[in-house]
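Visitor: Going by the working numbering, the first residue of the sequence shown is number 3, and it counts up by one from there. Sharing a structure below in structure tokens format, with a few things to ask.
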Amino acid sequence: MSRALATVPDLRIHTANERPLRPSGEYVLYWMIANRRTSWNFALDRAVELARAHGVPLLVLEALRVDYRWSSARLHKFVLDGMRVNRDACAAAGVAYYAYVEPEPRAGAGLLAQLAERAVAVVTDDFPCFFLPRMVASAASTIDARVEAVDTNGLLPMRATEDVFPTAYAFRRFLQKNLRPHLENAPDPRPLSSAAKLGTYTVPDRILARWPRAADALLEGNADLLAALPIDPAVRPAAKTGGGDAAAQALREFVRHKLPRYAEERSEPEADAASGFSPWLHFGHLSTHQILHEIAQSEGWTPARIATTTNGKKDGWWNLPPSSEAFLDELVTWRELGFNMTSHRDDYDRYESLPAWARATLDEHTSDPREHIYSLEEFERAETHDELWNCAQRQLVREGRIHNYLRMLWGKKILQWTRTPRAALEVMIELNNRWALDGRNPNSYSGIFWTLGRYDRPWGPVRNVFGKVRYMTSENTARKMEVGGYLGRYADRHGN
């Protein structure tokens, strides 16, 4: 894929306050909160761009608070893995990197404001989900520095459209008409090489005395230091390693060994053909542009090969082999559809955001009798009558993920086994956001709400509880695909 060496597109830069740039500033501060990587990152590119324009060094601040909802050893460990990689990358390039991990709630209050006082500007990440938009807005309204939030979430800038698309088909048609020019402007794979020429900033001792850098041992994975933090210890770290190095290795392995099988085998639990990228994408350790670049390199592809169709169909649009077409439809159409929703609607995580037809049919069938009803605790402990569902929940608890196809079934059954669709939504959000490495993300909210009708259409026949919402069963799933090995792998051998 070709990459234009140009400035960050204006469409990706959101000026979060009205303060001017500070020409007397000593550095440009990049407040890394969502795009937690040192490559393929428009926000980092913008920070470097401003630093070069003012002839000052770059300072990267990557902080991790402890009081966010669902904070746990699992989520912290994954982020800390990435902080270690970022620390090493900045050190190798001679760029100042400041890792701060709160030892207790609100301990980090005031750090950003202190650093902003001497900054030309503060550049941060424009991420439309969870608590991050509120945090950026609050900071921008209080600190004495210009704050720019930069969108590097996907191939299409979030502000490229003002519409909220109701279906993947409608969004795909928009992409087919409008995406190609944006593909010519990708982030820099190696922005630190430019920042290295600007010198290194030294954080004052008075700041470090109040807000000490995260201990190297914590970033290296010291279990005792992690356990000492006031976060949920019951959600134990998963086996998957966070950070850009692990993500890049997984990307190479996927393109070489899994991508050719993706179209036919991604829904099979035994095939191991899915990418598994979602945790790294969620925490910003991996870039969509980086993924497209690797696929393009392997296929000898450039954006000029994209078909000029605007029919909304997914096959043949990218002009790539079927497996690459199928994967890019998931990565671009479906993933960025979630960013489209969360960037334009504040109620993306509430029942009222469902399409009118879905709310109407679910409300009509709210009082339908349920053969089984389970509590949140029973769901969490995988104590239902359905062993396939229980195995999916155990995979979530043990690994921080559920196989893609079974994740849909997991949500449909929660709808069927709770007293109301609103209660089902609460259970899905709680379980997913507590246990999943890729929870609290636009794409994960898309998956949860899809089980209730978002991005779908009415289906017949009308069924108990579901009404016209698409119906799924464990029995049909077991008939369609091989699940024997999956059932064996996640059987309850130890009472959990």
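Idealized CB from N, CA, C, for every residue including glycine. On a predicted model such as this, the values are computed, not experimentally measured, just so you know.
Under 8 Å Cβ to Cβ from Trp336, same chain only, skipping five residues before and after it: list those, please.
Guide: Here the set comprises Ala170, Asn445 and Ser448.
Visitor: Taking just the CA atoms, how far does Lys414 sit from Met474?
Guide: 6 Å
Visitor: Applying the 10 Å Cβ sphere with the 16-neighbour rule, what's the burial state of Pro25?
Guide: exposed
Visitor: Looking at C-alpha atoms only, which residue of Val81, Tyr102 and Arg307 is the closest neighbour of Gly223?
Guide: Val81
Visitor: If you follow the alpha helix (DSSP H) that Leu157 is part of, which residue opens it and which one closes it?
Guide: First-last for Leu157: undefined, no H or E at that position.
Visitor: Is Thr169 near the ligand ADP - that is, is its Cβ less than 8 Å away from at least one heavy atom of it?
Guide: Only the bare structure without any ligand can be found here, which leaves the ligand ADP out of the picture.
Visitor: Starting from Trp33, trace the alpha helix (DSSP H) both ways and give me its first and last residue.
Guide: Looking at the DSSP string, Trp33 is not in any alpha helix (DSSP H); the run it does join, the beta strand (DSSP E), is Tyr29 to Met34.
Visitor: In angstroms, rounded to a whole number, what distance separates the CA positions of Ile416 and Met483?
Guide: Their Cα atoms are separated by approximately 21 Å.
Visitor: Excluding sequence positions up to five away, which residues of its chain have a Cβ less than 7 Å from the Cβ of Glu432?
Guide: Leu378
Visitor: Using only alpha-carbon positions, find the residue among Gly486, Thr144, Arg208 and Pro191 that is nearest to Glu296.
Guide: Pro191
Visitor: Pick helix, strand or coil for Gly486, following the three-state DSSP scheme.
Guide: helix
Visitor: Mark Glu299 as exposed unless 16 or more other C-beta atoms lie within 10 angstroms of its C-beta, in which case mark it buried.
Guide: According to the sequence shown, residue 299 is Gln rather than Glu. Under this definition Gln299 is an exposed residue.
Visitor: Hey, how far is the Cα of Tyr74 from the Cα of Pro105?
Guide: Before going further, note that residue 74 is Ser rather than Tyr in the sequence given. Each residue's alpha carbon lies about 13 Å from the other.
Visitor: Between the C-alpha atoms of Gly487 and Leu390, what's the straight-line distance to the nearest angstrom?
Guide: 11 Å
Visitor: Is Glu64 closer than 9 Å to Val10 when the C-beta atoms are compared?
Guide: no
Visitor: When we look at the beta-carbon of Thr40 and count the other beta-carbons within 10 Å, is it buried (16 or more) or exposed?
Guide: buried
Visitor: Among the residues of its own chain, which have a CB less than 7 Å from the CB of Leu13, if the five just before and after it don't count?
Guide: Pro159, Arg161 and Ala162
Visitor: What would DSSP say about His512, mapped onto helix, strand or coil?
Guide: The question about residue 512 has no answer here: the residues shown for the chain are numbered 3 through 498.
Visitor: By a C-beta neighbour count over all protein chains shown, 10 Å radius and 16 as the cutoff for buried, is Thr368 buried or exposed?
Guide: Exposed, by the Cβ-count rule.
Visitor: Assuming Ala265 and Ser325 make a contact with CB atoms under 8 Å, what is their CB distance in whole Å?
Guide: 4 Å
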